[in-house]
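Protein sequences, first through last, are from chains V and Z.
Reminder that position 7 of the first sequence reads as 7 in my numbering, one-by-one numbering, no gaps.
Each number in my numbering corresponds to the 1-based position in the second sequence with 1000 added.
In what follows, a structure is listed as structure tokens, so that the remarks can point back to it.
There are 2 protein chains.
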Amino acid sequence: MTAGTAARRSDATRAAILAAARRRFAADGYERATIRAIAADADIDPAMVMRYYGSKERLFAAAAEFDLRLPDPAQLSRSGYGRALVRHFLERWEEDGTFVALLRAAVTNDAARDQMRDVFAGQIIPLVAAAAPADRRVAHRAGLVASQMIGLAMTRYVLALPPIARMSRDDVVAWIAPVLQRYLTRPAPPSTADS
Amino acid sequence: MTAGTAARRSDATRAAILAAARRRFAADGYERATIRAIAADADIDPAMVMRYYGSKERLFAAAAEFDLRLPDPAQLSRSGYGRALVRHFLERWEEDGTFVALLRAAVTNDAARDQMRDVFAGQIIPLVAAAAPADRRVAHRAGLVASQMIGLAMTRYVLALPPIARMSRDDVVAWIAPVLQRYLTRPAPPSTADS
DNA sequence: GCCGTTGGCCAACAACTGTTGGCAACAGTA
DNA sequence: TACTGTTGCCAACAGTTGTTGGCCAACGGC
Chain V
1 MTAGTAARRS DATRAAILAA ARRRFAADGY ERATIRAIAA DADIDPAMVM
51 RYYGSKERLF AAAAEFDLRL PDPAQLSRSG YGRALVRHFL ERWEEDGTFV
101 ALLRAAVTND AARDQMRDVF AGQIIPLVAA AAPADRRVAH RAGLVASQMI
151 GLAMTRYVLA LPPIARMSRD DVVAWIAPVL QRYLTRPAPP STADS
Chain Z
1001 MTAGTAARRS DATRAAILAA ARRRFAADGY ERATIRAIAA DADIDPAMVM
1051 RYYGSKERLF AAAAEFDLRL PDPAQLSRSG YGRALVRHFL ERWEEDGTFV
1101 ALLRAAVTND AARDQMRDVF AGQIIPLVAA AAPADRRVAH RAGLVASQMI
1151 GLAMTRYVLA LPPIARMSRD DVVAWIAPVL QRYLTRPAPP STADS
């Protein structure tokens, strides 16, 4: 019972539910992804989902745990941050649907939106802090990076605007990398609220 | 009956429903904005909403009709496109909630997503075609502009990431304008699929 | 005065939602 | 063998949703 790492027969079911949940949340968003649909995908009774995850909210929390696994900036050349970042984002996003699920759900679900803010505060800001010059604009710069990357995810995966959705990875990198590089390293433009 | 422009007594109700619908769709997205809530906001019976707009889908279509009212590029200096565009987007978005409603709904509702694509194809692409050099990359450039602007709308209004949501309009313009300018006018970077 | 039209509300329907409790089949242990 | 805990399914609940039909009051032209 308290066997810690002992493999239970139900572990496979648990995992199947989680995988189905990720797929549904990514494809349909939080409200339209129903427990019944997730259960059907996993070939299991809806009651099982409740038994193993307690509620829809907690199932989502488990399905949307997301680590960007950002590279260590110390490993990168300062002039190559932009390229490396865009390429990493694309690969990480297309590896599984978790990020798109989180993004889609964050638009209508408060818990998902809070989790999105946590990803930003806990993963993007620290990276930018290490990569950007030590001015007082780290949070601004991180926000700008996030705005371009979230816009890319929206237009490429969610809205699927044809020119962006059809672009090759290399083209995306070639166009977007210089923008990230600019947000990360260019001196701040003149501002009405300079400190 | 066929009086065309004659003011009917019900016009005020119709308008109240539409205004409430826009507010609700913008705040809650398509599925969470219920007919009952919209009707309550408009101080009216839910059945009225159905009588005047037929169905929730058609109500949304009426509420989400959106014209960016983009400026005529012929009126702008070529070097000032970026600034003018960012400023225009911010003003237009904050003027009413229609665009945010459309964006929020487009994430989970197919009709809204299609309408978003129409706005892109019918309003963004033509503007970029007039402003950008006559290379074969007009659709690409327009998509990139859209990716940055949609990302800005997402991080500023929907996710409300603190650094972006709190930025002054002038700061947003100062940071984003050069990026749009680049997408519009810079020569295309080297590509794996050059024509 | 009358009467058709319009504007509005109420009550109800059928479908679907997350969620719950009870019951059967099975595994492992003694 | 009997016992105990796990794994699973079925049926049902209570609430909410979009949507509909019928009824009532107020208007406007005659």
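Where is the CB? At the ideal position from N, CA and C, for every residue including glycine.
Within the segment 74 to 85 of chain V, contact with chain Z at the beta-carbon level (separation under 7 Å) is assigned to no residue. With its beta carbon at least 7 Å from every one in chain V, P1071 (chain Z) lies outside the interface. When rounded, the separation of the alpha-carbon atoms in R1009 (chain Z) and H1088 (chain Z) is 36 Å. Rounded to the nearest whole angstrom, the CA to CA distance from L1159 (chain Z) to V1049 (chain Z) is 30 Å. For D1028 (chain Z), the C-beta contacts it makes with chain V under 9 Å involve T108, in order along the chain. For P46 (chain V), none of the residues of chain Z pass the 7 Å Cβ criterion, the least Cβ distance being about 19 Å. For A1042 (chain Z), the CB contacts under 6 Å within the same chain, skipping 5 residues up- and downstream, are A1016, I1017 and A1020 in chain order.
For Y1081 (chain Z), the enclosing alpha helix (DSSP H) starts and ends at Y1081 to E1095. Remark: C-beta atoms of G1097 (chain Z) and R1014 (chain Z) do not approach each other more closely than 7 Å.
Approximately 15 Å separates the beta-carbon atoms of L1090 (chain Z) and F1066 (chain Z); this is outside 8 Å, ruling out the contact.
DSSP places T1108 (chain Z) outside both helix and strand once states are collapsed to three, so it counts as coil.
With fewer than three CB-CB distances shorter than 8 Å, the segment 24 to 35 of chain V does not count as touching the segment 79 to 87 of chain V. Looking at the backbone, the Cα of A1139 (chain Z) and that of R156 (chain V) are separated by about 14 Å. Under the 8 Å Cβ criterion, the segment 1044 to 1059 of chain Z does not count as touching the segment 1068 to 1075 of chain Z, having fewer than three qualifying pairs. As for any beta strand (DSSP E) of minimum length 3 sitting wholly inside the segment 113 to 164 of chain V, there is none. Nearest CB-CB separation between V179 (chain V) and chain Z: below the 7 Å threshold.
At a cut-off of 7 Å between C-beta atoms, Q115 (chain V) does not count as an interface residue with respect to chain Z. For R1092 (chain Z), same chain residues with a beta-carbon under 8 Å away, outside a window of 5 residues either side, are L1068, R1069 and F1099 in chain order. The alpha-carbon separation between R1058 (chain Z) and A1112 (chain Z) amounts to approximately 11 Å. Per DSSP, D72 (chain V) is not a residue of any alpha helix (DSSP H), being assigned neither H nor E. Scanning its chain for C-beta atoms nearer than 7 Å, with the 5 sequence neighbours on each side dropped, one finds no residue around S147 (chain V).
In the assembly as shown, A1134 (chain Z) is an exposed residue. Its beta-carbon has fewer than 16 other beta-carbons within 10 Å.
Burial check for G122 (chain V): the Cβ neighbour count within 10 Å stays below 16, so the residue is exposed. In summary, A165 (chain V) is exposed, with fewer than 16 beta-carbon neighbours lying within 10 Å of its beta-carbon over all protein chains present.
R104 (chain V) places its beta carbon less than 7 Å from that of V1107 (chain Z).
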